[in-house]
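For the record, the sequence lines run as chains H and W. Residues in the first sequence are numbered consecutively from 1, following the UniProt record's numbering. Residues in the second sequence are numbered consecutively from 1, following the UniProt record's numbering. Note that beta-carbon positions come from the ideal geometry of N, C-alpha and C, so glycine has one too. See structure below.
There are 2 protein chains.
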Amino acid sequence: MADIKQGKIKSRESQLSTTLKDQLRCQSCGLTPLCLPVGMSEAETEKLDSIVHRNTPYHKGDHLFRQGDKFKGIYVITSGSVKSYYINKHGEECIVGFYLPGELIGLDAIHNRVYSCSVAVLETTSACEVPFSQLQSLTSEIPSLQHQLMCLLSKEVHNDCEMVAILASHSAEERLASFLLSLSSRYKSRSLSALEFNLSMSRTEIASFLGHAVETVSRTFSRFQEQGLLEVNRKQVKLLNIEALADLGGNTLTSSTTGFP
Amino acid sequence: MADIKQGKIKSRESQLSTTLKDQLRCQSCGLTPLCLPVGMSEAETEKLDSIVHRNTPYHKGDHLFRQGDKFKGIYVITSGSVKSYYINKHGEECIVGFYLPGELIGLDAIHNRVYSCSVAVLETTSACEVPFSQLQSLTSEIPSLQHQLMCLLSKEVHNDCEMVAILASHSAEERLASFLLSLSSRYKSRSLSALEFNLSMSRTEIASFLGHAVETVSRTFSRFQEQGLLEVNRKQVKLLNIEALADLGGNTLTSSTTGFP
DNA sequence: CACCTTATTTGACTTAGGTCAATAAGTATT
DNA sequence: AATACTTATTGACCTAAGTCAAATAAGGTG
Numbered sequence: 001m002a003d004i005k006q007g008k009i010k011s012r013e014s015q016l017s018t019t020l021k022d023q024l025r026c027q028s029c030g031l032t033p034l035c036l037p038v039g040m041s042e043a044e045t046e047k048l049d050s051i052v053h054r055n056t057p058y059h060k061g062d063h064l065f066r067q068g069d070k071f072k073g074i075y076v077i078t079s080g081s082v083k084s085y086y087i088n089k090h091g092e093e094c095i096v097g098f099y100l101p102g103e104l105i106g107l108d109a110i111h112n113r114v115y116s117c118s119v120a121v122l123e124t125t126s127a128c129e130v131p132f133s134q135l136q137s138l139t140s141e142i143p144s145l146q147h148q149l150m151c152l153l154s155k156e157v158h159n160d161c162e163m164v165a166i167l168a169s170h171s172a173e174e175r176l177a178s179f180l181l182s183l184s185s186r187y188k189s190r191s192l193s194a195l196e197f198n199l200s201m202s203r204t205e206i207a208s209f210l211g212h213a214v215e216t217v218s219r220t221f222s223r224f225q226e227q228g229l230l231e232v233n234r235k236q237v238k239l240l241n242i243e244a245l246a247d248l249g250g251n252t253l254t255s256s257t258t259g260f261p
Numbered sequence: 001m002a003d004i005k006q007g008k009i010k011s012r013e014s015q016l017s018t019t020l021k022d023q024l025r026c027q028s029c030g031l032t033p034l035c036l037p038v039g040m041s042e043a044e045t046e047k048l049d050s051i052v053h054r055n056t057p058y059h060k061g062d063h064l065f066r067q068g069d070k071f072k073g074i075y076v077i078t079s080g081s082v083k084s085y086y087i088n089k090h091g092e093e094c095i096v097g098f099y100l101p102g103e104l105i106g107l108d109a110i111h112n113r114v115y116s117c118s119v120a121v122l123e124t125t126s127a128c129e130v131p132f133s134q135l136q137s138l139t140s141e142i143p144s145l146q147h148q149l150m151c152l153l154s155k156e157v158h159n160d161c162e163m164v165a166i167l168a169s170h171s172a173e174e175r176l177a178s179f180l181l182s183l184s185s186r187y188k189s190r191s192l193s194a195l196e197f198n199l200s201m202s203r204t205e206i207a208s209f210l211g212h213a214v215e216t217v218s219r220t221f222s223r224f225q226e227q228g229l230l231e232v233n234r235k236q237v238k239l240l241n242i243e244a245l246a247d248l249g250g251n252t253l254t255s256s257t258t259g260f261p
């Protein structure tokens, strides 16, 4: 809870061995094609790398930051996953998003310099912390960094619009199908299996995100399984009929763009 | 429908008289504090102004662009309002957002250079068109433009997160209350009345946006009126009890941040 | 002005999904 | 390993919201 405050970050970082650090540099990171260094030269990537903090892995329940904290920088998940949530006035946790490796966190805090959500780790997770003031200085030196940051912001806007589309679709089946397909395609673009993956979030967290009761999520999973659309065993999911799921959950921007009138 | 295609933009523009054009320049625009020129010098603002296209007003049903169109630039509403929507696979119109004066449209298309939604005008509306390639060139000359563009992108991400929070809140009352409060605060920050305004969108459009049936939206309006929370007559809305509405719809990021635990 | 079309409201009925409660299957703790 | 604790599933029941249908109101058009 308090373990990411103040100087602790530096102490975490110093625990990492030099060899491990080398493996984690931007230059050798497998997520580079999704991340900030897109289009940057070796030398530029090195400059970016030099401002990035890499802490020791976070553990389930740890927080990257909390709702209301002063904005320091953006985070990129390198492994694991996190949830972004806020506490509503009834004291309930409302989940606004999940982030997977290669995804940027904290972009919404740039404009007012305050994190509007808390971000907690769902499983053992590594993340890069990119101090924003330094990032901003670098952008004036490195045009492609500037460009890529803007593209990533734009992509985030796009993803959020898609999420709005999913949430406005009424049925529980549509929402869950869209959610699973979203995870699937995100895993795929990270060269992970698009058909078989582990849900790092609980049913309760999925329910909160999709705006349903836990029981509804659970029942919908069961129904999908009965219908042969997927196999589910607790956190382990295997999608058996992507097309049928897409038919259900196809109420999204991207899929509708392909079937554009 | 086809009236914004190709050279038509220029012919529209040329119809504007020189005096009218002067009134519409960025330098004298009342929306400047919300828009791109924030933090820019007089000379820089003039440069920005010179790349902006201002067309003759659009009329209800006109499109700024359509889903699938190649990305040309971003638009800023200067008066009136528009809806952003896509057509789902059942051929239904799904509304993803409404935009008011001072709000930027098309930010989600920067990253892949394709508009993912159609944007149609809800009432007589004026908009500035900012060609993106020229805007991008200007950003390298004008650091504060760069910065402001990023802030606006960040703000858009933030707004979208808020929308996700609203849509994940279950009840029709919560959603409609949040929607009305969102409009209210947006009007307020544009120095318009926060308590009394005109809905430029139809009940059907509100329903589509909030993911409800039209009848539900209509009934919820009626219930709010019975409870004395507002007065509504067709498009005309007068909020009578903002606090009570906020209690209902307070499931949002910003309001929860104030009542932060 | 009369007619037509479209938007909104309201009522009656139905259903998807919420709530409550019990059970089962994992996980963590001692 | 036994215990307690948490998470997920399933059933029974109920309510909010969807659907269908009709009435009303507003706007548009010849």
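Residue j beta carbon less than 8 Å from that of residue i
i        : j        : result
W:SER117 : W:VAL76  : In the sequence on display, residue 117 of chain W carries Cys and not Ser. No, they are not a contact pair.
W:ASP69  : H:CYS161 : no
W:ALA168 : H:CYS94  : yes
H:VAL119 : H:PHE71  : no
H:ILE74  : H:VAL130 : yes
H:GLY211 : W:HIS170 : yes
W:SER153 : W:LEU107 : Note that residue 153 of chain W corresponds to Leu in the displayed sequence, not to Ser. The answer is yes: Cβ separation under 8 Å.
W:GLU205 : W:LYS83  : yes
H:GLY39  : H:SER140 : no
H:VAL114 : W:VAL164 : no
Inter-residue Cα distance where the pair is residue i and residue j
i        : j        : result
W:LEU230 : H:SER81  : 43 Å
H:GLY97  : H:LEU183 : 12 Å
W:PRO57  : W:ILE166 : 32 Å
W:CYS29  : W:PHE221 : 35 Å
H:ARG234 : H:PHE179 : 16 Å
W:SER255 : H:CYS26  : Note that W:SER255 scores 47 on pLDDT, short of 50, meaning its location in the model is unreliable and no value can be drawn from it.
W:ILE4   : W:HIS59  : For W:ILE4, the predicted model reports a pLDDT of 38, less than 50, meaning its position is unreliable and no value from the coordinates is stated.
W:LEU138 : H:ALA213 : 49 Å
H:LEU34  : H:GLU103 : 8 Å
H:ASN55  : H:LEU122 : 16 Å
W:SER133 : W:THR125 : 24 Å
W:GLU174 : W:ASP49  : 41 Å
W:ASN241 : W:GLN225 : 10 Å
W:LYS47  : W:GLN23  : 16 Å
H:ALA246 : H:LEU176 : 11 Å
H:TYR187 : H:ASN198 : 10 Å
W:LYS155 : H:VAL237 : 35 Å
H:HIS63  : H:ALA172 : 30 Å
W:SER200 : W:TYR99  : 11 Å
W:GLY61  : W:LEU36  : 27 Å
W:SER189 : W:ARG219 : 29 Å
H:ARG203 : H:VAL217 : 7 Å
H:LEU248 : W:ALA43  : 54 Å
H:ARG223 : H:LEU239 : 13 Å
H:VAL232 : H:THR45  : 41 Å
H:LEU31  : H:THR78  : 7 Å
W:GLN67  : W:LEU181 : 29 Å
W:SER41  : W:HIS53  : 20 Å
W:TYR86  : W:PHE209 : 11 Å
W:ILE105 : H:SER185 : 26 Å
W:ILE9   : H:HIS111 : Bear in mind that the predicted position of W:ILE9 carries a pLDDT of just 43, short of 50, making it too unreliable to give a figure here.
W:ILE51  : W:GLU92  : 36 Å
H:GLU215 : H:PRO101 : 29 Å
W:GLN227 : H:ASN88  : 24 Å
Which residues DSSP lists as bridging residue i, in chain order
i        : result
H:GLU196 : H:LYS238
W:GLU93  : W:ILE87
W:ARG54  : W:CYS128
W:LEU230 : W:LEU239
H:SER73  : Just to set this straight, residue 73 of chain H is Gly in the shown sequence, not Ser. Looking at the DSSP assignment, H:GLY73 forms a beta bridge with H:PRO131.
H:VAL82  : H:TYR99, H:VAL121
W:HIS63  : W:ALA120
W:ILE105 : W:TYR75
**Q.** Ranges of the beta strand (DSSP E) found wholly within the region 114-190 of chain W, counting only runs of at least 3
**A.** Within the region 114-190 of chain W, the complete beta strand (DSSP E) runs of at least 3 residues are 118-121, 126-131.
Q.
Below 8 Å, how does it come out for the region 183-193 of chain H and the region 142-151 of chain H: are there three or more Cβ pairs, yes or no?
A. Counting Cβ pairs under 8 Å, fewer than three are found: no touch.
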